[in-house]
Amino acid sequence: MSGEHIAESRGSRAVDWQELTDLTRGQPFVVERVRLADSGVAVEGQFEPPQLAQLSADDQVFVAAFVRSHGSIKEMERIFGVSYPTVKSRLNRIAEQLDFVEQLDIADTGPASASAEVVDRLRRGEITVRQALAELDGPR
């Protein structure tokens, strides 16, 4: 189905993200036109959607629930009615689809916050004491 045909068949109503995700069936896509709803300003070009937008709709919902639950795997178990290993497995599968940003250019991402994250991961049982020590002693 061509892009023109999709636009015609949907009329002037906006296509929601779920429909776009279903339509692409996990295939890579490029956004070629962006219009700001309030001002009507449109920009044309080739824009790759953000990584989270490239996840399946189910995975997007899962990530949103994980963020809303403040990263609590126990809460995710309750929400989705699944076991700890199932939550961890799904998070690992989703993580494999995302590029990891080593360091963001934001004021609060210095050694102190990196150390705090290591300690948080240790508390959650995601890493061992040995791994935490190695990360804390590593290059900064």
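Quick note: the numbering used here has the sequence shown finishing at residue 147, numbered continuously throughout. Virtual Cβ for every residue (Gly too), placed ideally from N, Cα, C. Remember, it's a predicted structure, so these values are computed and weren't measured experimentally.
Going by DSSP, name the residue or residues bridged to residue i.
i, result
"residue 49", "42"
"residue 54", "38"
I think residue i touches residue j, with their Cβ atoms under 8 Å apart; what is that distance to the nearest whole Å?
i, j, result
"residue 101", "residue 70", "6 Å"
"residue 37", "residue 53", "5 Å"
"residue 80", "residue 89", "With a Cβ gap of about 10 Å, residue 80 and residue 89 do not count as contacting."
If you reduce the DSSP assignment to three classes, tell me which class residue i lands in.
i, result
"residue 106", "coil"
"residue 93", "helix"
"residue 26", "helix"
"residue 31", "helix"
"residue 133", "coil"
"residue 120", "helix"
"residue 141", "helix"
"residue 59", "helix"
Going along the chain, which residues of its own chain have a beta-carbon closer than 8 Å to the beta-carbon of residue i, five neighbours each way excluded?
i, result
"residue 78", "131"
"residue 76", "82, 83, 86"
"residue 48", "42"
"residue 143", "122, 125"
"residue 128", "134, 139"
If you drop the 5 nearest sequence neighbours on each side, which residues of the same chain put their C-beta closer than 7 Å to that of residue i?
i, result
"residue 72", "83, 86"
"residue 106", "58"
"residue 63", "28, 33"
"residue 55", "37"
Counting only beta-carbon atoms, is residue i nearer than 9 Å to chain D?
i, result
"residue 105", "Annotation note: the requested chain D is absent from the structure, which comprises a single protein chain."
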